[in-house]
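Participant: So the protein lines, in turn, are chains A and B. In terms of UniProt numbering, the first sequence has 298 at position 298, counting the first letter as 1, and numbering is strictly consecutive. In terms of UniProt numbering, the second sequence has 190 at position 190, counting the first letter as 1, and numbering is strictly consecutive.
Number of protein chains: 2
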Amino acid sequence: MSLRPFNFSAGPAALPEEVLRQVAGEMLDWQGSGMSVMEMSHRGAEFTSIATAAEADLRELLQVPANFRILFMQGGGLAENAIVPMNLSKGGKVDFVVSGSWSKKSAEEAKRYADAAVAASSSDSKFTTLPALSTWQLRRDAAYVHLCSNETIDGVEFHELPDLKALGCDAPLVIDCSSHQLSRSIDWSRVGLAFGGAQKNIGPAGLTLVFVREDLLGHAMSICPSAFDFKVVAEAKSMYNTPPTFGIYVAGLVFQWLKRFSYAGKTGVAAIEQRNIDKAQLLYAALDASAMFENRVAVDCRSRMNIPFYLSGKFNTETLTQAFLTGAKERQLLQLKGHKSVGGMRASIYNAMPLEGVQALVAYLKDFEAQYG
Amino acid sequence: MSLRPFNFSAGPAALPEEVLRQVAGEMLDWQGSGMSVMEMSHRGAEFTSIATAAEADLRELLQVPANFRILFMQGGGLAENAIVPMNLSKGGKVDFVVSGSWSKKSAEEAKRYADAAVAASSSDSKFTTLPALSTWQLRRDAAYVHLCSNETIDGVEFHELPDLKALGCDAPLVIDCSSHQLSRSIDWSRVGLAFGGAQKNIGPAGLTLVFVREDLLGHAMSICPSAFDFKVVAEAKSMYNTPPTFGIYVAGLVFQWLKRFSYAGKTGVAAIEQRNIDKAQLLYAALDASAMFENRVAVDCRSRMNIPFYLSGKFNTETLTQAFLTGAKERQLLQLKGHKSVGGMRASIYNAMPLEGVQALVAYLKDFEAQYG
Chain A
1 MSLRPFNFSA GPAALPEEVL RQVAGEMLDW QGSGMSVMEM SHRGAEFTSI
51 ATAAEADLRE LLQVPANFRI LFMQGGGLAE NAIVPMNLSK GGKVDFVVSG
101 SWSKKSAEEA KRYADAAVAA SSSDSKFTTL PALSTWQLRR DAAYVHLCSN
151 ETIDGVEFHE LPDLKALGCD APLVIDCSSH QLSRSIDWSR VGLAFGGAQK
201 NIGPAGLTLV FVREDLLGHA MSICPSAFDF KVVAEAKSMY NTPPTFGIYV
251 AGLVFQWLKR FSYAGKTGVA AIEQRNIDKA QLLYAALDAS AMFENRVAVD
301 CRSRMNIPFY LSGKFNTETL TQAFLTGAKE RQLLQLKGHK SVGGMRASIY
351 NAMPLEGVQA LVAYLKDFEA QYG
Chain B
1 MSLRPFNFSA GPAALPEEVL RQVAGEMLDW QGSGMSVMEM SHRGAEFTSI
51 ATAAEADLRE LLQVPANFRI LFMQGGGLAE NAIVPMNLSK GGKVDFVVSG
101 SWSKKSAEEA KRYADAAVAA SSSDSKFTTL PALSTWQLRR DAAYVHLCSN
151 ETIDGVEFHE LPDLKALGCD APLVIDCSSH QLSRSIDWSR VGLAFGGAQK
201 NIGPAGLTLV FVREDLLGHA MSICPSAFDF KVVAEAKSMY NTPPTFGIYV
251 AGLVFQWLKR FSYAGKTGVA AIEQRNIDKA QLLYAALDAS AMFENRVAVD
301 CRSRMNIPFY LSGKFNTETL TQAFLTGAKE RQLLQLKGHK SVGGMRASIY
351 NAMPLEGVQA LVAYLKDFEA QYG
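1) Should the region 75-90 of chain B be regarded as contacting the region 57-65 of chain B, the criterion being three or more beta carbon pairs within less than 8 Å?
2) Let me confirm a value: methionine 1 (chain A) is counted as buried when at least 16 other C-beta atoms fall within 10 Å, else exposed. Which label applies?
3) How big is the Cα-Cα spacing for histidine 159 (chain B) and isoleucine 307 (chain B)?
4) Quick one: residues in its chain with C-beta nearer than 7 Å to the C-beta of glutamine 256 (chain A), no 5 flanking neighbours on either side, listed in chain order?
5) Hey, how far is the Cα of arginine 21 (chain B) from the Cα of alanine 13 (chain A)?
6) Looking at the structure shown, is threonine 128 (chain A) part of a helix, part of a strand, or coil, going by DSSP?
7) Residue ranges of each beta strand (DSSP E) run of no fewer than 3 residues wholly in the region 32-77 of chain A, ordered along the chain?
8) Kindly indicate which three-state DSSP category threonine 242 (chain A) falls into: helix, strand or coil?
9) Is any heavy atom in the ligand NAD found nearer than 7 Å to the beta carbon of valine 97 (chain A)?
10) Is there a Cβ of chain B sitting closer than 8 Å to that of methionine 1 (chain A), yes or no?
11) Do you know offhand how far serine 185 (chain B)'s Cα is from glycine 155 (chain A)'s?
12) Which residues in the same chain as alanine 280 (chain A) place their Cβ atom closer than 6 Å to its Cβ, once the five residues preceding and following it in sequence are excluded?
13) Does asparagine 150 (chain B) pass the burial test, meaning 16 or more other C-beta atoms within 10 Å, or should it be called exposed?
14) By DSSP's criteria, tyrosine 144 (chain A) is part of a beta bridge. Which residues make up the other side?
15) Tell me, which residues are paired with glutamate 151 (chain A) by DSSP?
16) For proline 308 (chain B), name the three-state secondary structure that DSSP assigns.
17) Is the shortest distance between the beta-carbon of asparagine 7 (chain A) and the beta-carbons of chain B less than 8 Å?
18) By Cβ distance, which residues of its chain are closer than 7 Å to residue 444 (chain B), with the 5 residues on each side in sequence left out?
19) Does the region 245-256 of chain B come close enough to the region 199-217 of chain B that 3 or more CB-CB pairs lie under 8 Å?
20) Leaving aside the five residues before and after proline 85 (chain B) along the sequence, list all residues of the same chain whose C-beta is less than 7 Å from its C-beta, in chain order.
21) What are the residues in the region 16-40 of chain B lying within 9 Å of chain A by C-beta distance?
22) Mind checking the region 296-324 of chain B against chain A and listing, in chain order, the residues whose C-beta falls within less than 9 Å of any C-beta there?
23) Once the 5 residues before and after leucine 283 (chain A) are set aside, which same chain residues still bring their CB inside 8 Å of it?
24) Can you check whether the C-beta of glutamate 109 (chain B) is within less than 8 Å of a C-beta belonging to chain A?
25) Near isoleucine 223 (chain A), what residues of its chain come up, given a Cβ to Cβ distance below 7 Å and the 5 sequence neighbours on each side ignored?
26) Kindly indicate which three-state DSSP category serine 122 (chain B) falls into: helix, strand or coil?
27) Between the Cα of alanine 342 (chain A) and the Cα atoms of A:Thr321, A:Gly327, A:Gly44, which residue gives the shortest distance?
28) Identify the continuous beta strand (DSSP E) that holds phenylalanine 315 (chain B) and give its terminal residues.
29) Out of A:Gln137, A:Lys259, A:Ser125, state which residue places its alpha-carbon closest to the alpha-carbon of proline 16 (chain A).
30) Counting only beta-carbon atoms, is isoleucine 50 (chain A) nearer than 8 Å to chain B?
31) In angstroms with no decimal places, state the Cα-to-Cα distance between alanine 352 (chain B) and leucine 355 (chain A).
32) What is the rounded straight-line gap between the Cα of threonine 319 (chain A) and the Cα of serine 36 (chain B)?
33) Note down, in chain order, every chain B residue with its Cβ under 9 Å from the Cβ of isoleucine 272 (chain A).
34) So, for methionine 27 (chain A): in the same chain, excluding its five sequence neighbours on each side, which residues have a beta-carbon less than 7 Å away from its beta-carbon?
35) What are the residues that DSSP puts in a beta bridge with leucine 173 (chain A)?
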């Protein structure tokens, strides 16, 4: 393996080097077929085998129950903000837990199709906390409850999904898990539908994954485009329209990589989850110990994936922020600029980020503080 | 260049070999950035430069007027069947010219959103002709008129777009040009909106191109998802949601390839159009001269891109069809099986198919006829 820079992009994001090498090696001839995967009919034997294996591997990795369908779709999380209410709301009530920028957008978009209400919000804390369960005002007849299980911009993560039944709510839980899917296991008993763009932990942008419980299929509003009707897509095995074939292929290689992955005596998702915990702890510990940098999120809901941080107090100047980013690039630590809506810096440390990448960032934080602090 | 098989897939389809080689070569490090294009933030300087160049090159190649916006979207032609009426119909009347399987599907889907009527159809000829202009029953107050300018399954192509004004109709013309876009020039004075999936002449599946006249922006129905509202997408320069970045990159390389392309003393689209004419004439001439094979489409509307053909008369058996396809594969002539809805064979000879590929197919047709005829 060569020494590649460490890429902290929030998405599209770093991919495992061995996956990229395999993609490059197979670019002109996939396994003796004489074709690039990009050149294959999506209905041919070659691509069918690729898509079937990808779905089976993903199902195995996340232990997706048999009564869930896995759909390969297009449009990303933002399109799902419309597609989900068109499929599940029946034009009725839907409740949103707003814990950051993305869930806020989801609630806004759903108003086009449903009586969308905010059941709880942590906007008062500027999204540095999660809304306490005791404050959730769920409507008994809601068609579903939506939350974003990891807020990419705000760096807030649900480390345990709520048990809606225990809150007296029988509605299915919908989670937007774009930026942490496949980084940890999922408790499917608490979920009705999960969706996410692939461009964080899974593959190239343009592929969207939807996990949907079978009883939620078949309720789409008449205005739902056929190409986005979960039942139509499920019955066509994600081939109603031509799927993003190359994205599915890359995702499939990432799934194979993750199945081989081992760490701390574990394999697969358990292994990557442990490494993600270790990476996040290392970085948060360095930020908390620093007099110059800070992360502002409450300790119990800090994201393992997206860690926004800022120069603190008197150090929080545009000049020092720029100096930090310039110096980072010189050290081959890429794409650390914070989201434009919040500024500062952000380290996205998805599955493909090795421990060494976080160690290199922590070393730079210390050196920077020694120089400018 | 190595000797690759000739790939006649209807889509996803063959790409220029030198594009695939460049993609492979840049897979781990795009131009010294230390990142694969798949790993870049869509808002960073690197990817912005890729997307900007791709759009500019496409605009130059097709001489797209300044009052048209070019949008990079997702969902393919089938999604556009819903997205276009949501954006343009205002829930009113829309007229469809049905000349094959795809326009038929488009008309059906539009009924979800509009008073969609069939203004003309060539179903009586089993889609081997185009509906004569004199039969088109256009409604004066239609929001738009839709046609599919190249029917991929039926192999029927409009070689001249209709002048709706001359037919007494002021409505904009919408064309689904998925399977022949960039294979020839377009008369933009006759078009209001053109859309197409990329996976024929342009790049990987999952990228959809939309060319829309600016006065048609801003009329979306309230139920149109934000991610598919042409005005929202245009104002965000195709970055409202994360676009299919890798697909845009590959498309951009195809545009650069086409700008370099020369043939018969011409360059760019004029050159590829001339080669497409020559390739199609060669194959149709061989089919017409054969006593064993036939193409059933009327001469004046035969597609230059998709050429369905069948064993004729007594030769039209499942056994011989299978023998033909097996023999083709042995000669490295791939993906010649006809669409499942019509059977037989189909040669899709998009921009990336060299003249030599068609010559090899014609030689095989003759050899097969000599052996079995």
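Idealized CB from N, CA, C, for every residue including glycine.
Facilitator: In short:
1) These segments do not touch.
2) Unreliable positioning characterises methionine 1 (chain A) in this predicted model, as indicated by a pLDDT of 41, which lies under 50. The coordinate reading is nonetheless provided below. Classification for methionine 1 (chain A): exposed.
3) Going from the Cα of histidine 159 (chain B) to the Cα of isoleucine 307 (chain B) covers about 15 Å.
4) Asp57
5) 23 Å
6) coil
7) 68-73
8) coil
9) Questions concerning the ligand NAD fall outside what the structure shown contains, since it holds no ligand whatsoever.
10) Because methionine 1 (chain A) carries a pLDDT of 41, less than 50, the predicted location of this residue cannot be relied on, and no value is offered for it.
11) 49 Å
12) Arg304
13) buried
14) A:Val94
15) When DSSP reads this structure, glutamate 151 (chain A) sits in a beta bridge with A:Val156.
16) strand
17) yes
18) Residue 444 (chain B) lies beyond the stretch modelled for chain B, which goes from 1 to 373, so this question has no answer here.
19) Three or more Cβ pairs drawn from the region 199-217 of chain B and the region 245-256 of chain B lie within less than 8 Å of each other, which places the two stretches in contact.
20) Val94, Ala110, Tyr113, Ala114
21) Listed in sequence order: Glu17, Leu20, Arg21, Val23, Ala24, Gly25, Glu26, Met27, Leu28, Asp29, Ser33, Gly34, Met35, Ser36, Val37, Met38, Glu39, Met40.
22) none
23) Ile307, Ala347, Ile349, Val358, Leu361, Val362
24) yes
25) If we look at isoleucine 223 (chain A) and ignore the five residues flanking it on each side, its Cβ neighbours are Met86.
26) DSSP places serine 122 (chain B) in coil when its eight states are reduced to three.
27) With the sequence shown as reference, residue 342 (chain A) is identified as valine, and alanine is not the correct amino acid for it. Comparing Cα-Cα distances from valine 342 (chain A) to each of A:Thr321, A:Gly327, A:Gly44, the minimum goes to A:Thr321.
28) Phenylalanine 315 (chain B) -> no beta strand (DSSP E), and no H or E assigned at all.
29) A:Lys259
30) no
31) 43 Å
32) 30 Å
33) Per Cβ cutoff of 9 Å: no residues; isoleucine 272 (chain A) is ~18 Å from chain B at best.
34) Ser36
35) Paired residue(s): A:Val145.
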